[in-house]
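Going from the sequence shown to my numbering is simple: count from 1 and add 8. Below is one structure, written out as C-alpha cells, with a few remarks after it.
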Amino acid sequence: MSDPQDEEHRLAILKRAVENTNEAFVTIDRHHRVIFFNKAAERIFGYHREEVLGHDLDVIMSPTCSSNHRKAVEQYIETGGPKRIGHATEIMAVRKNGESFPANISFSVSHLEQEMFFTGIVRDLTETRDLRELVRKSERLASLGQLVAEITHEIKNPLMIIGGFARQLSRDLEEDGGKQKKLGVIVDEIARLEQLLNELRNLYLPRRLEFKEIDAAHLLGGIRDLVSAECERRRIRLVLEVPDEPLLFQGDKARLKEVVLNLIRNSIDAMEKGGTLRLGTRVLEHHLEILVEDQGCGIPVSEQAKIFFPFHTTKPRGTGLGLSICKRIMEEHPGGSLTFESEPGKGTIFKLTMPISGARN
C-alpha cells in the first residue's frame, strides 16, 4: 500500500509541472464548468483564472465554439465518442481582446470517483506560423533568379509589340489606314502588362489578412449572384449546393472570395460547350471543404503537377499567376489548403479546405 504522504508529494510535483508548462491546460466537468486554468492559459487567452474558475466555459469561447464543444461533450458522455478525444487539431482561437490566433488543441477525458472531467491542451501557434513564413520567404528568395527570368520573358514580348507599332505609327503619322487597329493592339498589350504587374503584386507582396467568422453558405450565395449572368450567357447551368444551417469558419472574406471567383472563371473558360458548374460544401471530421466543380475539358495529366507554378498557363492570353495566388491565399490561412482532382475530358473539382470554427468532432 502506497504512503499517503508520497502520493501527495507526487501530486504536488505533477500539479506544479502542469502549472508551469508552456501549453494552456483547461479542465471542465461534465456540466461545462471550469475547474482548472493554468498560468499558460491565462497568458494565451488573456483571462485571469479568477474570471474563469467555477464559471461556464462559455466565458472564454465564442458562441459558435461553445455550442460545438458542448455538443461534443454531451455526445461523449452518451456514446463514448467523438473521435476528436485524444487527437490534436488546428483551430482559430480568440483571446479576451478579440484577437484571433492559430492554435493546436488536443483533448483528453478523465474518470475520478464516478465523475468525468475533460481537459483541453492548447498550444499557441503564432510563433510557429511566423517561423513558417520566414522559411517560405527564404525559399522565395532562392527562386528569385528564375522569377526574374520569367518576368523578363513575359514583359519583353508585349513591349516589343508596343514598340514596333509605336515606331511604325510615328513613320506613318500622315496615313489613315490601320491606325485605329494598331492603337487597339497597343491598348490591349498595355492592359495585359497592367494585369501582369497587379497579379505579381498580389503574389509576392505581403498583405495582412483580416480574419473574421464567415458563413460558407452565405459566401457562396453572394458569389453565385455575381457570376450567374455570365454563366447564363455562356450556356452554363450554375448549381449552388449548401445546407440551410450556417457553416462557420475563420478567414479573410475578401481574399477567399477572390480565390473562389478565380476558380469559377477558370471553370467557365474550360466549358466552351456549356455544362453544369457546381458550388458546394462538404463537412469532414475537423474541416470544411468548399467545392468548385465543372464539366469542362479537364486538366491534362502532364500539366497537373505544374498548375500552381507561377507563370504556368495553357491560356493564350493568361498570365499564369491566378492559381499561384489562390494557393498562396489558402496557405496563409491556418490549416487552409487548395487541392484539386481532374479527369481529362470530364472536368475538374477544386477544393478549398478550412478548419471549422470552434471545437470540432
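Quick reminder that beta carbons are idealized off the backbone N, C-alpha and C, glycines included.
- As DSSP reads the structure, A101 sits in a beta bridge with F109.
- Residue pairing by DSSP places F257 opposite I222, I364 in a beta bridge.
- Nearest C-alpha to E238 among V130, L22, R273: R273.
- Around the beta carbon of A199, fewer than 16 other beta carbons sit within 10 angstroms, so the residue counts as exposed.
- Apart from the 5 residues on each side of it in sequence, H63 sits with its Cβ closer than 8 angstroms to the Cβ of R41, V42 in its chain, given in chain order.
- In the three-state DSSP reduction, A313 falls in the coil class, being neither helix nor strand.
- In this chain, the beta strand (DSSP E) harbouring I36 covers 32-37.
- By the CB criterion at 8 angstroms, K23 and G54 fall outside the cutoff.
- DSSP, read as helix, strand or coil, puts I307 in coil.
- Along the length of the segment 15-77, whole beta strand (DSSP E) runs at least 3 residues long occupy 32-37, 42-45, reported in chain order.
- Per DSSP, T134 has no beta bridge partner at all.
- Using a Cβ-Cβ distance cut-off of 8 angstroms, the segment 128-141 and the segment 242-262 are not in contact, since fewer than three pairs of beta carbons, one from each stretch, lie closer than that value.
- In this structure, the alpha-carbon of L65 lies about 38 angstroms from that of R232.
- Only buried fits T356, as 16 or more other CB atoms lie within 10 angstroms of its CB.
- The C-alpha of F33 is placed about 16 angstroms away from the C-alpha of I21.
- For the options P166, H39, I159, D132, the alpha carbon positioned closest to that of M124 is the one of H39.
- The beta carbon of F219 sits closer than 7 angstroms to the beta carbons of M100, S108, Q258, G259, D260 from its chain, once the five residues preceding and following it are set aside; these are given in chain order.
- With a beta-carbon spacing of about 5 angstroms, I169 and E197 fall inside the 8 angstroms limit used to define contacts.
- The C-beta distance from V60 to I68 rounds to 6 angstroms, short enough to fall under 8 angstroms.
- When only Cα atoms are considered, G306 and F358 end up about 11 angstroms apart.
- Contact check for T284 and E297: beta-carbon distance about 19 angstroms, past the 8 angstroms limit, so the pair fails to qualify.
- Secondary-structure assignment with DSSP links R290 through a beta bridge to E297.
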